[in-house]
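So in this note's numbering, spot 6 of the sequence shown is number 1185, and the numbers just go up one at a time.
Even glycine gets a Cβ: it sits at the ideal position worked out from N, Cα and C.
Everything on this sheet refers to the single structure shown next.
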Amino acid sequence: TTGGGCWLLAAGHPFVYYARSNAAKQGLARLAIRLRLRSSEPAGGCGALATAVQSYIAACLSQASKELAQFHVEIRSLLQDVTDLHELATSLLGLAADLQGFGTVDEGSINETGLSAVEHWAENILKK
1180 TTGGGCWLLA AGHPFVYYAR SNAAKQGLAR LAIRLRLRSS EPAGGCGALA TAVQSYIAAC
1240 LSQASKELAQ FHVEIRSLLQ DVTDLHELAT SLLGLAADLQ GFGTVDEGSI NETGLSAVEH
1300 WAENILKK
């Protein structure tokens, strides 16, 4: 523990993995909701949220690949998350362009900063 009674967990602790995985799932859900125009732009924009999800998934993939067999169900699940993130980034880029040209005020806009980089990262991971 630290002086304030808080616990510090090692980077490879299973709870850290769980927390990152959970944050990635929540981020994917939030991006999917925005894609359907059911909510406003998340704080920082869709690109920032997608970048955060990418970092959570990348950390989980790194940890899981060190400890599990290549075709373990957990790694396959993480690769599905990468696929979902790729599809969301691609679709949100298209929606951003559509909203910019034809959107209404109540639909808002998509902050796409970072979405292309996330899309390319996911594409590269899935090629491996």
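Legend entry - Spatial distance of A1222 from N1201 (CA atoms): 19 Å
Legend entry - F1194 - DSSP class collapsed to helix/strand/coil: helix
Legend entry - Burial state of Y1197, where buried means 16 or more other Cβ atoms lie within 10 Å: The residue in question, Y1197, is exposed, as its Cβ has fewer than 16 Cβ neighbours within 10 Å.
Legend entry - Exposure of L1247, with buried meaning 16 or more beta-carbon neighbours within 10 Å: exposed
Inset, instruction - Specify the secondary structure class of G1206 as computed by DSSP and reduced to three states. - result: helix
Legend entry - G1293 beta carbon less than 8 Å from that of G1206: no
Legend entry - Assigned exposure category for V1284 - 16 Cβ within 10 Å defines buried: exposed
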